[in-house]
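Asks: Have a look at this one.
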Amino acid sequence: MEERKESLVDKIGMPRIIIISFFLILLIAAVPLGLSFTGLLSDTIRRWAMYGILVLAMVPAVQSGIGLNFGISLGIVAGLLGATLSIQLGFSSPWISLFVALGFGTFFSIFLGIGYGQILNRVKGSEMTVSTYVGFSVIAFMNIVWLSLPFTSGELIWPLGGKGMRNTISLQSSYGEVLNNWLAFDIAGVRVPTGLILFFLGACFLVWLFMRSKTGVAMSATGANPTFTKSSGIETDRMRILGTMVSTMLGAIGIIIYSQSYGFLQLYNAPLMMGFHCVAAVLIGGATVSRAKISHVILGTFLFQGILTVALPVVNNLLPESNLSDVIRIIISNGIILYALSKTKGGSK
Amino acid sequence: MTEKFLLNMQNIEKEYFGNKVLKGVNLQIKPGEIHALMGENGAGKSTLMNVLFGMPVIHSTGGFEGTVEINGEQVEITSPQEAMEHGIGMVHQEFMLIPGFTITENIKVGREISKPTLSSKIFSKKLEELDIDSMRADAREDLRKTGLDIAEYVKVAGLPVGYMQFVEIAREIDKTGVKLLVFDEPTAVLTESEADNLLETMKKIAASGISIVFITHRLDEVMAVADSLTILRDGEFVTRIETKDTTVERIAELMIGRKTEKLVDDMEDDRVIDTNNIALSMKDYYVDMPGEEVKGLDLDIYKGEIFGIGGLAGQGKIGIPNGIMGLYKTEGEVKLFGESLNLDKLGEALSKGIAFVSEDRRGVGLLLDEPIYNNIAFSAMQIKGEFLKSYGLFRLFDVKQAKEHAEDMIKLFDIRTTGPSQEAGALSGGNQQKVCLARAITMKPDVLLVSEPTRGIDIGAKKLVLEYLVKINREQGITIVVVSSELVELRSVCDRIAIISDGKVNRILKPDSSDAEFGLAMAGAKGGE
Amino acid sequence: MELEKRTFADWLNENKVVVLFVILCVLAIYASGYSLSFVGAELFTRIGRNGFTVLSLLIPVLAGMGLNFGITIGAIAAQIAVFWVVYWGFEGIQGFLICVLLSTPIAMLFGFLVGKLFNKMKGSEMIAGMVLGYFADGLYQFFFLFVIGGVIPVVSETLLIAGNVGVKNTIDLAGNLKYALDTVSMLQLVDVFLVVSIILLGIKLLFKYVRKINVDIKKNIVFVALAIVLFGLSYVGPITRFLAQDRLLLRHALYIMTVIIIAVQVQKIVINKHIKKDEAFNLTGAIFPIILMLVLNILQFIPQVSQLLDFVRIPVTTYLLIALLCLFNNALLNTVLGQNMRTVGQSRVVANSAGIDVDKTRVIAMIFSTVLACWGQLIYLQNIGTFSTYGAHTQVGQFAIAALLVGGASVQKATNKQAIIGVILFHTLFIVAPQAGKNLFDNAQLGEYFRVFVAYGVIAVSLAMHAWNVVKKPKEEKLEPVKTSD
């Protein structure tokens with residue numbers, strides 16, 4: 023085997039360098055444009071913590087060998103079901119509301135996750151392709167469901183006797199921003215949403231503990247080398263289902279935390295491309311199609327959200343009346359996914 | 122009388138990264154003769170054919186030394202295309218056929234006959250129209266020559282394996298100017314009657330002037346059909362003889378060769394092997410491991426012995442331990458110390474005290490991206506719950522303990538590494554093998570199955586590994602089963618050696634049995650004990 | 381007896397997707413309460429609009445690259461051309477042809493790049509195509525929102541957003557490209573046919589006598605003769621009036637098709653069965669189209685069908701192009717290049733060892749597909765009449781692939797027939813679903829969501845089934861050799 027000295031560029035990866043540089047350029051550009059640096063930072067921190075758990079969901083999926091979980095939509099859907107159910111039941115305390123939502127969401131996600139895992143076990147080798155379209159189908163199917171669920175709460179359905187649930191549901195009266203505001207404080211003009219950050223880091227810690235347990239180690243081995251794992255007496259198929267299930271659960275929890283931070287629940291086609299954004303974020307943080315660590319999640323989400331947060335106002339200053347932010351997000355997220363895909367299957371003949 | 126040779130390969134030498142695989146080998150084929158190329162695994166037969174064929178694997182690793190002459194003219198063959206142009210064809214062991222295509226399409230693949238059209242003149246020759254009628258006519262003729270009675274428009278999918286072999290042959294003889302055909306273990310996948318048909322066809326083809334080289338270890342086939350044969354051993358040219366001038370026993374002997382060196386120093390041996398205390402017993406044992414099938418094997422291994430399992434590649438010896446560990450589907454009865462093992466249950470063998478070191482260390486034996494301590498501790502952690510620390514309800518991986526244990530193993534096996542945290546994938550092959558062994562030992566097994574223990578390891582490390590095996594056998598009474606393609610290794614450390622042929626035990630020999638006996642057993646000659 | 385039983389149940393199983401969708405469509409049409417004529421008119425418009433694009437998906441499937449989720453990129457090439465043509469003010473069929481001239485090289489370049497990328501990801505072409513489609517969309521949006529007007533100076537009140545940076549969301553094609561192709565009359569086609577066949581004959585004669593290369597000119601002479609006859613006939617009064625139309629009544633189209641198909645099939649049967657006496661010839665397969673056309677003709681006696689036939693008018697040129705593409709797909713299969721693509725699609729290993737340049741063949745397949753998808757998008761835009769700048773290309777991939785799959789195609793096998801059947805079934809569902817939803821569930825929106833769900837669901841199931849089988853089959857085959865006794 024040839025010994026090659028990996029240059030720094032090779033190690034970090036060209037796209038990551040482009041993204042980091044881009045981020046720094048935007049940050050630097052923000053100052054002379056007179057944008058509030060502290061404002062931008064506050065926004066970035068908030069978006070980092072609120073997206074984090076959704077990106078965290080990628081870790082158990084990748085580690086257990088099913089690749090990047092484009093089908094996180096299943097988890098998101100479970101979470102949304104739990105969230106809407108909680109509002110329908112109408113609790114006065116925002117905390118109870120939130121935790122009931124989390125409870126139901128997790129509950130639904132367990133079943134969906136196991137079923138999804140069983141499908142993925144039958145399509146080994148094409149998990150990513152299949153999961154993308156299963157994800158899309160589920161969102162499309164849920165459109166029909168949202169339209170027909172017999173919910174009655176005024177918060178949920180269209181006023182004036184319209185059919186079905188609203189596209190966007192305000193959480194102001196239930197659990198909107200409840201975590202964000204808990205123990206929040208300001209430091210040097212930057213707002214720190216303590217509750218939210220604690221929850222995110224707490225989730226990271228729990229996942230880390232899980233990965234270090236006997237089952238977690240077995241699960242990671244399954245993704246790395248299924249034959250090795252099998253030869254040590256472990257049912258790899260069950261490990262994959264476990265990984266899928268945990269990923270789906272994190273998806274459910276993630277969307278609820280995200281929504282409470284955002285202040286709104288978004289139904290129908292809004293979560294359609296979320297899978298892609300989560301995948302992109304974890305890849306930017308350094309993960310690959312076969313290995314993902316929690317550090318990748320933390321770094322990647324920060325960079326990805328950072329660019330989006332800073333880009334919008336900066337560009338709005340330069341070119342008013344544009345939704346460049348959206349376009350940038352599309353280019354960056356799909357670009358990095360494409361790069362990651364091209365790295366794995368290296369021209370196999 | 123100097124007969125002109127169709128093919129004359131002289132003094133072929135080939136080195137792979139410092140390892141000499143061919144050490145001055147000759148191959149001479151006369152026109153229209155059937156010539157057998159024989160030798161054990163690793164003798165160099167496939168490499169020699171790769172050289173003849175101009176395969177990329179030869180040229181991307183430094184080329185070869187020596188000369189190749191066709192009909193007296195020296196040639197340079199650097200690609201399979203060029204080999205084809207010189208009239209050399211190859212019928213592979215893994216069929217190069219497309220099941221979804223018809224026989225005609227398979228015969229003509231890449232060489233379709235076509236008629237020019239307007240667009241082909243303007244744009245590209247590739248736009249010529251296929252001349253299906255001509256191609257089908259050619260295919261019919263080729264099939265007739267091979268004696269296969271089947272319509273040329275039938276799809277290949279669903280044809281019996283024997284027929285597919287003939288389609289392969291038909292494809293090769295369809296190529297214009299084919300002078301030499303190479304068959305690589307052609308009868309390996311055929312039934313007896315199909316094999317007979319094949320041998321008949323080979324005779325027909327040779328009679329029409331095309332020479333045939335066929336790689337085989339089946340002595341009876343050689344005696345039946347070959348005019349002459351070449352024997353290789355360990356990359357060296359042993360001899361070229363006419364079949365009529367030799368016997369089966371002589372060939373077997375020449376293939377094994379005379380090796381008297383012992384790989385390990387003699388150790389104190391005050392064991393008493395009780396033939397009534399059977400550690401591992403197999404009855405009517407089948408293993409479905411692709412390429413190494415076991416087909417109804419019976420074997421008893423005594424407690425405390427070092428038992429060797431040898432045989433040629435593809436005969437099934439590798440399937441034996443892989444089946445016991447549950448990596449492939451099995452049938453039949455396997456008992457461990459009298460207790461039946463349920464091989465369908467994953468991890469059964471491991472939990473009952475059998476550990477395994479796989480022959481595929483990179484594929485099966487290791488987690489290449491994980492540190493050494495993780496690799497070594499893994500099985501023990503999963504099966505026996507070791508290397509875990511309790512934190513109330515949780516049990517987490519005790520990295521510190523695993524690292525300490527890994528340090529011990531590194532010292533014991535003299536593993537060359539920067540430390541227990543180095544990734545297993547960064548180690549050299551020999552050291553990786555030691556890590557695999559360490560992992561098996563960490564399980565503290567009663568029975569240890571080792572498959573190709575010293576493959577790819579240098580001489581010094583070989584000695585160390587083999588001596589360690591003998592040591593734990595003598596000192597701790599661990600029953601060891603060594604599966605290896607290196608007879609020297611087996612004869613150095615084993616108490617008894619079983620030679621596997623065609624998925625079954627051909628015979629069980631002592632290390633000091635004669636070379637001829639080993640040779641005949643490996644060649645699958647019937648009429649053993 | 382047993383063999384026949386197996387065949388029908390087998391046939392049902394093999395075509396389960398098509399059968400399911402036929403039933404679904406029939407139920408949905410009934411539930412919607414629409415008349416057959418209404419559905420028929422909409423359907424035939426949509427076939428003309430989308431058929432070409434769906435047919436462009438066949439070549440990549442053939443070459444083993446699966447479902448080409450990257451056809452979005454071909455659509456983008458078309459849209460770039462359309463913008464410039466509208467901006468420069470070209471109209472009608474000239475405008476359309478300029479679009480073709482402009483977009484084709486762009487599409488060829490894109491196809492080349494996509495092919496190269498896919499070669500790096502053998503085995504993951506489909507997911508790569510999906511992601512690439514989105515990525516290309518992002519770049520396209522960047523180009524149309526900021527570069528046009530921002531970097532490239534373009535001034536236009538109708539086309540650009542106020543502020544002259546970025547293209548408007550919708551561009552109305554009425555007056556320039558709308559129906560550019562659809563309004564080409566049959567008279568003009570007859571003229572084109574005459575000119576083209578004479579030119580081809582001329583070129584072939586050149587090759588034959590000047591460069592002394594042997595080419596078959598029999599067919600060409602027949603075509604020229606036919607063209608001259610048609611040309612002459614077109615001066616006859618009633619025929620002139622008939623041919624001056626650009627849209628053909630469905631009834632007349634049915635008659636013409638029946639005559640052509642029966643003639644072609646009979647010729648095939650006579651040649652293969654009686655003259656060549658070919659054993660491999662599939663007689664039932666050749667007779668089937670004849671029976672089909674006769675059945676369709678008999679159906680016209682049902683009043684609703686008769687009404688339909690007299691109501692619907694199909695744009696001749698567009699349909700002719702679709703038919704030509706079908707013929708092209710078949711012709712390609714009959715060339716060395718086509719056979720190479722098939723070989724590469726079946727087994728890259730075998731193709732490689734047979735001396736075929738696998739990478740090059742795959743790139744060529746992608747170039748073909750992208751160019752065809754580009755033309756398909758041009759046909760789509762000229763028919764729909766409004767150019768939805770940021771949305772026209774996004775669903776193209778999804779719906780085209782879904783349609784193909786509904787027709788019974790799979791990741792490994794797709795034919796002209798499946799493409800056409802798929803377009804018919806998929807779009808029928810599309811037309812009737814909202815109204816059916818309204819009638820059944822009192823919610824038209826439900827029907828709309830249902831049809832999108834069907835599109836995604838069909839693709840998901842097909843992808844899963846493709847991967848499923850691949851896992852199962854080898855296992856079943858392997859167990860055989862173990863038990864051979866000797």
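Protein sequences, first through last, are from chains A, B and C. FYI, the numbering for the first sequence is 23 to 371, going by my numbering. FYI, the numbering for the second sequence is 122 to 650, going by my numbering. FYI, the numbering for the third sequence is 381 to 866, going by my numbering. Where is the CB? At the ideal position from N, CA and C, for every residue including glycine.
From what residue to what residue does the alpha helix (DSSP H) around Tyr-284 of chain A run?
Replies: Here the alpha helix (DSSP H) through Tyr-284 of chain A covers 258-284.
Asks: Enumerate, from N- to C-terminal direction, the unbroken alpha helix (DSSP H) stretches of 4 or more residues contained entirely within the region 417-450 of chain B.
Replies: Counting whole runs of 4 or more residues, the region 417-450 of chain B contains the alpha helix (DSSP H) stretches 440-445.
Asks: Taking only the alpha-carbon atoms, compute the straight-line gap between Asn-291 of chain A and Phe-298 of chain A and give it to the nearest angstrom.
Replies: So the alpha carbons of these two residues sit roughly 14 Å apart.
Asks: What separation, rounded to the nearest whole angstrom, lies between the Cα atoms of Pro-116 of chain A and Arg-516 of chain B?
Replies: The alpha-carbon atoms of Pro-116 of chain A and Arg-516 of chain B are separated by roughly 35 Å.
Asks: For a cutoff of 8 Å on Cβ pairs, would you count Gly-147 of chain A as touching chain C?
Replies: Yes, its Cβ sits closer than 8 Å to a Cβ of chain C.
Asks: Do you know offhand how far Glu-672 of chain B's Cα is from Val-556 of chain B's?
Replies: The requested residue 672 of chain B does not occur in the structure, where chain B is confined to residues 122 to 650.
Asks: Which residues in the same chain as Leu-320 of chain B place their Cβ atom closer than 7 Å to its Cβ, once the five residues preceding and following it in sequence are excluded?
Replies: The residues are Glu-342, Ala-345 and Val-346.
Asks: Have a look at the DSSP bridge pairing and note the partners of His-156 of chain B.
Replies: Looking at the DSSP assignment, His-156 of chain B forms a beta bridge with B:Val-334 and B:Ser-349.
Asks: Please identify the residue among B:Glu-389, B:Val-393, B:Glu-363 and B:Glu-357 whose C-alpha is closest to the C-alpha of Met-376 of chain B.
Replies: Closest option to Met-376 of chain B, Cα to Cα, is B:Glu-357.
Asks: Rounded to the nearest angstrom, what separates Glu-233 of chain B and Asp-252 of chain B at their Cα positions?
Replies: Glu-233 of chain B and Asp-252 of chain B: Cα-Cα distance of roughly 8 Å.
Asks: Take Ala-780 of chain C as the anchor and find which of C:Asn-448, C:Ala-408 and C:Leu-404 has the nearest alpha-carbon.
Replies: Nearest option by C-alpha distance: C:Asn-448.
Asks: Establish whether the CB of Gln-503 of chain B and some CB of chain A are separated by less than 8 Å.
Replies: Yes, Gln-503 of chain B lies at the interface with chain A (some Cβ there is under 8 Å from its Cβ).
Asks: For Lys-631 of chain B, is the classification buried or exposed, using 16 other Cβ atoms within 10 angstroms of its Cβ as the cut-off for buried?
Replies: Exposed, because fewer than 16 other Cβ atoms sit within 10 Å of the Cβ of Lys-631 of chain B.
Asks: For Ser-402 of chain B, write down the residues that DSSP places opposite it in a beta bridge.
Replies: The partner list for Ser-402 of chain B (beta bridge, DSSP) reads B:Asp-421 and B:Lys-456.
Asks: What would DSSP say about Arg-265 of chain B, mapped onto helix, strand or coil?
Replies: Of the three classes helix, strand and coil, the one that applies to Arg-265 of chain B here is helix, per DSSP.
Asks: Taking only runs of the alpha helix (DSSP H) that begin and end inside the region 492-534 of chain C, which ones reach a length of at least 4 residues, in chain order?
Replies: Complete alpha helix (DSSP H) runs here, min 4: 505-522.
Asks: Could you name the residues of the same chain whose beta carbon sits closer than 6 Å to that of Val-369 of chain B, not counting the 5 residues immediately before and after it, in chain order?
Replies: Counting only Cβ-Cβ distances below 6 Å, and skipping sequence neighbours, we find Leu-340.
Asks: Listing by chain order, which chain C residues have their CB less than 8 Å from the CB of Val-152 of chain A?
Replies: Simply Ala-840, Leu-843, Ala-844 and Ala-847.
Asks: So with Cβ pairs under 8 Å, would you call Glu-257 of chain A a contact of chain B?
Replies: Yes, Glu-257 of chain A lies at the interface with chain B (some Cβ there is under 8 Å from its Cβ).
Asks: Using the beta-carbon of each residue, which ones in chain A are nearer than 7 Å to Phe-322 of chain C?
Replies: Only positions 381 to 866 of chain C appear in this structure, which leaves residue 322 of chain C out of reach.
Asks: How many whole angstroms separate the CB atoms of Leu-96 of chain A and Leu-134 of chain A, which I take to be in contact at a CB cut-off of 8 Å?
Replies: At roughly 5 Å, the Cβ-Cβ gap stays under 8 Å, so Leu-96 of chain A and Leu-134 of chain A are in contact.
Asks: What is the DSSP secondary structure of Ala-327 of chain C, reduced to helix, strand or coil?
Replies: Past the boundaries of the shown model lies residue 327 of chain C; chain C is included only from 381 to 866, so the question cannot be answered.
Asks: Quick one: which chain A residues come within Cβ less than 7 Å of Met-510 of chain C?
Replies: Thr-154, listed in chain order.
Asks: Could you check the C-alpha separation between Glu-136 of chain B and Val-303 of chain B for me, to the nearest Å?
Replies: Cα to Cα, the separation comes out at about 23 Å.
Asks: Identify whether Ile-759 of chain C lies in helix, strand or coil by the three-state DSSP scheme.
Replies: DSSP places Ile-759 of chain C in helix when its eight states are reduced to three.
Asks: Please report the residue range of the alpha helix (DSSP H) in which Asp-636 of chain B lies.
Replies: Looking at the DSSP string, the run of the alpha helix (DSSP H) that includes Asp-636 of chain B is 636-643.
Asks: Short of 6 Å in beta carbon distance, which residues of its chain neighbour Val-310 of chain B, apart from the five on each side in sequence? Order them along the chain.
Replies: Cβ neighbours of Val-310 of chain B beyond the five flanking positions: Val-282.
Asks: Who are the near neighbours of Leu-784 of chain C in its chain, counting only those whose CB is closer than 7 Å to its CB and skipping five residues on each side?
Replies: The residues are Val-434, Leu-437, Ala-794, Gln-798, Ala-799 and Gly-802.
Asks: Put Arg-617 of chain B into one of helix, strand or coil per three-state DSSP.
Replies: Note: Arg-617 of chain B maps to strand in three-state DSSP.
Asks: Identify the continuous alpha helix (DSSP H) that holds Thr-188 of chain B and give its terminal residues.
Replies: Taken as a continuous stretch (DSSP letters only), Thr-188 of chain B belongs to no alpha helix (DSSP H), being part of the beta strand (DSSP E) at 186-191.
Asks: Using DSSP's beta-bridge definition, name the partner residues of Pro-695 of chain C.
Replies: Beta-bridge pairing links Pro-695 of chain C to C:Arg-627.
Asks: Run through the DSSP bridge pairs and tell me what Leu-148 of chain B is partnered with.
Replies: B:Met-130.
Asks: Evaluate the contact criterion for the region 803-815 of chain C versus the region 393-413 of chain C: three or more CB pairs, one atom per stretch, below 8 Å.
Replies: Short answer: they touch.
Asks: Just to check my reading of the structure: Leu-557 of chain C and Gly-475 of chain C have Cβ atoms closer than 8 Å, yes? What is that Cβ distance to the nearest angstrom?
Replies: Indeed, because the Cβ distance is near 5 Å, the residues count as touching under 8 Å.
Asks: Beta carbon of Thr-323 of chain A: closer than 7 Å to some heavy atom of the ligand COA?
Replies: Among the components modelled here there is no ligand, and therefore nothing to report on the ligand COA.
Asks: Give, in chain order, every residue of the region 275-289 of chain B whose Cβ lies closer than 7 Å to some Cβ of chain C.
Replies: Per Cβ criterion, the list is empty.
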